[in-house]
Amino acid sequence: MPALRLYAGPAARRYLERHGLRPADVGVVPAAAGGPKGLILGPLDRFIFGSWLATSQQPVHLVGASIGAWRMATACLQHSVAAFERLERDYIAQHYELPPGRRRPSAEQVSEQFGHNLRRFYGGRIPEVLQHPRYRLHIVTAHGRHLLGRDGPLRTPLGYLGAFAANALHRRALGAWLDRVVFSAPASGDLPFDPTDFRTRQVALTEANFMDALQASCSIPFALRPVHGIASAPPGTYWDGGITDYHLHLRYRPPTDSPLVLYPHFQKAVVPGWLDKVWQHRHRSTAALDAMLLLAPDPDWVKTLPNAKLPDRNDFTHYGPNLAARMQAWNRAVHAAQQLADEFAQWLERPDLSRVEPL
Numbered sequence: 000m001p002a003l004r005l006y007a008g009p010a011a012r013r014y015l016e017r018h019g020l021r022p023a024d025v026g027v028v029p030a031a032a033g034g035p036k037g038l039i040l041g042p043l044d045r046f047i048f049g050s051w052l053a054t055s056q057q058p059v060h061l062v063g064a065s066i067g068a069w070r071m072a073t074a075c076l077q078h079s080v081a082a083f084e085r086l087e088r089d090y091i092a093q094h095y096e097l098p099p100g101r102r103r104p105s106a107e108q109v110s111e112q113f114g115h116n117l118r119r120f121y122g123g124r125i126p127e128v129l130q131h132p133r134y135r136l137h138i139v140t141a142h143g144r145h146l147l148g149r150d151g152p153l154r155t156p157l158g159y160l161g162a163f164a165a166n167a168l169h170r171r172a173l174g175a176w177l178d179r180v181v182f183s184a185p186a187s188g189d190l191p192f193d194p195t196d197f198r199t200r201q202v203a204l205t206e207a208n209f210m211d212a213l214q215a216s217c218s219i220p221f222a223l224r225p226v227h228g229i230a231s232a233p234p235g236t237y238w239d240g241g242i243t244d245y246h247l248h249l250r251y252r253p254p255t256d257s258p259l260v261l262y263p264h265f266q267k268a269v270v271p272g273w274l275d276k277v278w279q280h281r282h283r284s285t286a287a288l289d290a291m292l293l294l295a296p297d298p299d300w301v302k303t304l305p306n307a308k309l310p311d312r313n314d315f316t317h318y319g320p321n322l323a324a325r326m327q328a329w330n331r332a333v334h335a336a337q338q339l340a341d342e343f344a345q346w347l348e349r350p351d352l353s354r355v356e357p358l
């Protein structure tokens with residue numbers, strides 16, 4: 000059964016018809032939030048960054064939120080294939096001992112352990128990320144405003160209730176509760192997307208704030224605590240970047256010489272924000288994605304995976320303390336996902352535009 004489907008915006012389709020797809024054509028690579036779903040993209044990441052993009056020389060902007068930020072920061076490490084393999088192993092093996100009488104770990108426990116894991120993963124290697132000769136990393140975070148400007152047992156749920164209600168009226172109204180803060184590596188220049196769709200601030204990514212920015216981008220509300228007081232950034236609390244930009248549905252502006260946005264994703268829909276998951280009409284493609292070529296698993300192929308779905312956060316509850324069973328299921332899914340990378344490599348050798356569907 001074919002595993003990979005390709006979707007292109009109208010501008011990307013026209014470009015592919017004239018030029019095909021070359022590594023030098025890629026100017027931006029987004030990476031979505033989505034927790035364990037991102038594991039399915041590991042083989043594609045290793046192929047794209049480990050061999051295919053390595054044959055070109057142009058700068059490439061890497062834009063990530065949550066696990067996508069972790070993946071894109073990993074792409075900036077030397078020997079990225081080995082780094083991606085380690086990310087996969089570490090993510091699959093993560094386990095939180097439950098305190099007596101509790102069904103799930105506390106947000107404080109998860110935040111502390113997750114921060115420790117990030118320090119162990121990137122310790123001593125941050126300069127590799129910041130000084131990559133070609134890749135320009137952008138870490139997306141959600142910055143709390145008003146009630147969400149501080150964390151608290153009453154403030155946080157009330158704040159997110161207000162954010163949900165505001166977002167239901169209009170996505171821009173969410174800006175009353177949260178704004179977008181993007182931490183960009185040196186030499187990045189302007190953001191590779193138009194930031195006027197939502198209140199946005201760009202902050203320099205440095206050795207002093209890298210760990211906090213990356214942890215903030217992964218700090219799912221209620222599952223982890225937000226990060227406070229990030230160096231060189233506006234004061235306040237910082238939450239998972241997926242809250243404002245779940246799948247990074249942004250008005251991309253790739254460089255003229257590298258005009259395509261290559262998006263390895265775990266589904267066709269590019270959902271704007273985490274709170275938009277319930278609003279199906281916001282899942283449709285827009286002109287913002289015109290220059291995008293999106294790679295995603297075929298939904299029918301996904302049904303062949305363990306539990307007939309992608310790995311997701313519900314698996315932590317489903318498998319409970321049975322770490323071995325969850326690891327086995329996730330490892331099987333990741334092993335099967337090698338087919339995605341193999342099919343993309345084959346398509347690059349013999350591009351068949353009949354396989355490229357409208358995004």
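Numbers 0 to 358, taken from numbering that gives the first Met the number 0, label the letters of the sequence shown in order. Every residue gets a Cβ at the ideal spot worked out from N, C-alpha and C, and that includes glycine. Only a predicted model underlies this, so the values are computations on that prediction, with no experimental measurement involved.
Opposing strand residues paired with residue i [DSSP bridges]
i: Tyr262; result: Leu293
i: His137; result: Val62 and Ser183
i: Trp238; result: Ala141
i: Tyr90; result: DSSP lists no partner for Tyr90.
i: Arg4; result: Ala295
i: Thr199; result: Arg179
i: Arg118; result: Answer is none; Arg118 lacks a bridge partner.
i: Pro423; result: Absent from the structure is residue 423, since the part of the chain shown begins at 0 and ends at 358.
i: Tyr251; result: Phe192
Helix, strand or coil at residue i according to DSSP, with G and I counted as helix
i: His280; result: helix
i: Thr155; result: helix
i: Ile360; result: One cannot answer for residue 360 here, as it falls past the ends of the chain, which runs 0 to 358.
i: Asp178; result: strand
i: Val28; result: strand
i: Val301; result: helix
i: Phe192; result: strand
i: Ala212; result: helix
i: Pro98; result: coil
i: Glu356; result: strand
i: Leu20; result: coil
i: Val80; result: helix
i: Gln56; result: coil
i: Pro9; result: helix
i: Val109; result: helix
i: Leu15; result: helix
i: Val270; result: coil
i: Arg349; result: coil
i: His131; result: coil
i: Ser50; result: helix
i: Glu342; result: helix
i: Tyr318; result: helix
i: Leu147; result: helix
i: Lys308; result: coil
i: Asp244; result: coil
i: Gly67; result: helix
i: His370; result: This structure cannot speak to residue 370, because the chain is shown only from 0 to 358.
i: Pro126; result: helix
Rounded Cβ spacing between residue i and residue j (contact assumed at less than 8 Å)
i: Val28; j: Val59; result: 6 Å
i: Gly300; j: Pro35; result: Reading the sequence as shown, one finds Trp at residue 300 and not Gly. The Cβ separation is near 17 Å, so there is no contact.
i: Gly148; j: Gly235; result: 5 Å
i: Ala2; j: Asp297; result: 6 Å
i: Leu5; j: Glu356; result: 7 Å
i: Leu129; j: Ala184; result: 5 Å
i: Pro258; j: Ala290; result: 6 Å
i: Leu20; j: Ile91; result: Actually they are not in contact, since the Cβ atoms of Leu20 and Ile91 sit about 31 Å apart, beyond 8 Å.
Neighbour-count burial assignment, residue i, 16 or more Cβ in a 10 Å radius
i: Thr243; result: buried
i: Gly114; result: buried
i: Val181; result: buried
i: Gln214; result: buried
i: Pro263; result: buried
i: Val404; result: Residue 404 is absent from the model: the chain starts at 0 and stops at 358.
i: Asp314; result: buried
i: Gln266; result: buried
i: Asp189; result: exposed
i: Ala286; result: exposed
i: Glu206; result: exposed
i: Leu261; result: buried
i: Asp193; result: exposed
i: Asp351; result: exposed
i: Ala186; result: exposed
i: Ser65; result: buried
Chain C within 7 Å of residue i, Cβ atoms only
i: Val270; result: Note that chain C does not occur in the displayed structure, where there is just one protein chain.
Validate contact between the region 239-259 and the region 31-46 using beta carbons, cut 8 Å, 3 pairs: The count of Cβ pairs closer than 8 Å, one atom from the region 239-259 and one from the region 31-46, reaches three, so the stretches are in contact.
Segment contact flag, the region 202-219 with the region 154-165, C-beta cutoff 8 Å, min 3 pairs: Result no; under three Cβ-Cβ pairs closer than 8 Å.
Validate contact between the region 41-53 and the region 198-211 using beta carbons, cut 8 Å, 3 pairs: Counting Cβ pairs under 8 Å, fewer than three are found: no touch.
The region 125-139 in contact with the region 221-235 per 3-pair CB rule at 8 Å: Not touching, per the Cβ criterion.
Stretch-stretch touch, CB-based, cutoff 8 Å, three pairs: the region 248-261 with the region 310-327: Using a Cβ-Cβ distance cut-off of 8 Å, the region 248-261 and the region 310-327 are not in contact, since fewer than three pairs of beta carbons, one from each stretch, lie closer than that value.
Three CB pairs or more closer than 8 Å across the region 112-127 and the region 70-89: Contact between the region 112-127 and the region 70-89 is present, because at least three Cβ pairs lie under 8 Å.
Segment contact flag, the region 279-288 with the region 77-95, C-beta cutoff 8 Å, min 3 pairs: By the C-beta criterion, the region 279-288 is judged not to be in contact with the region 77-95, since fewer than 3 inter-stretch pairs fall below 8 Å.
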